[in-house]
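Participant: One structure is given below, represented as structure tokens, and several questions about it will come after.
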């Protein structure tokens, strides 16, 4: 049985992972939500305006009171630069799927790896999950490297599994980390 706690503040050496507020709309829009390089392999299109981002954040903020919802703003040097969230949760199997993205200006600094490790530790130690999964487009190997650095094992690829908003079919790789592997690190 999972012990849901909702989106809690998590601190790392360089990051604060926290709940979004609607006041984050401008930063989110400017730092990653409007950038096709960021959204190219994701499930959503680049935002058309800060107003569209604000509307999304209003929806996200409205569900924070539900203890089984997890969606963190990744804050670096006082600025939201990306997000990490539980995109699917299976209470019966004590399993969650993580999704994440970050502005291009912050890539290749180890920041996402730091965020994934913090969320992984929280989900295993505080929420009590037994398994965490991360999937990514094969054409986005950097996302896979983040998962690998965090101890997630490659488990396979589904061919032409996902169709992007641009109409491209993508192969999707799957990685998983189970409690026993996390405990032995």
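Numbering (the working numbering), first residue to last: 985 to 1169. All C-beta atoms in this analysis are idealised placements derived from N, C-alpha and C, irrespective of residue type, glycine included.
Give a yes or no on contact between the stretch 1061-1076 and the stretch 1000-1008, applying the rule of three or more CB pairs nearer than 8 Å.
Facilitator: Short answer: they touch.
Participant: Would you mind stating whether residue 1023 and residue 1034 have Cβ atoms separated by less than 8 Å?
Facilitator: On the chain shown, position 39 is the one that residue 1023 refers to. On the chain shown, position 50 is the one that residue 1034 refers to. No, they are not a contact pair.
Participant: Could you check if residue 1086 is buried or exposed, using at least 16 other CB atoms within 10 Å of its CB as the buried criterion?
Facilitator: Position 102 of the chain shown, counted from the first residue, corresponds to residue 1086. Buried, by the Cβ-count rule.
Participant: Determine, using beta carbons only, whether residue 987 and residue 1111 come nearer to each other than 8 Å.
Facilitator: Within the chain shown, residue 987 is the residue found at index 3, counting from 1. Within the chain shown, residue 1111 is the residue found at index 127, counting from 1. Yes, these two residues count as a Cβ contact at 8 Å.
Participant: Where does residue 1117 fall in DSSP's three states?
Facilitator: Counting from 1 along the chain shown, the entry for residue 1117 is found at position 133. In the structure shown, residue 1117 sits in a strand (DSSP, three-state: E or B).
Participant: Since residue 987 is in the alpha helix (DSSP H), which residue starts that stretch and which ends it?
Facilitator: Here residue 987 refers to the residue found at position 3 of the chain shown. Segment: none, residue 987 is in no alpha helix (DSSP H) and carries neither H nor E.
Participant: Under 8 Å, with one C-beta from each stretch per pair, do the stretch 1013-1020 and the stretch 1102-1119 reach the 3-pair mark?
Facilitator: No: fewer than three Cβ pairs fall under 8 Å.
Participant: Pull the bridge partners of residue 1147 from the DSSP assignment, please.
Facilitator: In the chain shown, counting from the first residue as 1, residue 1147 sits at position 163. For residue 1147, which the question treats as bridged, DSSP gives the partners 1153.
Participant: Just to confirm my understanding: we take residue 964, look at its own chain, exclude 5 residues before and 5 after, and list those with CB closer than 7 Å. What are they?
Facilitator: This structure gives no information on residue 964, because the portion of the chain shown stretches from 985 to 1169.
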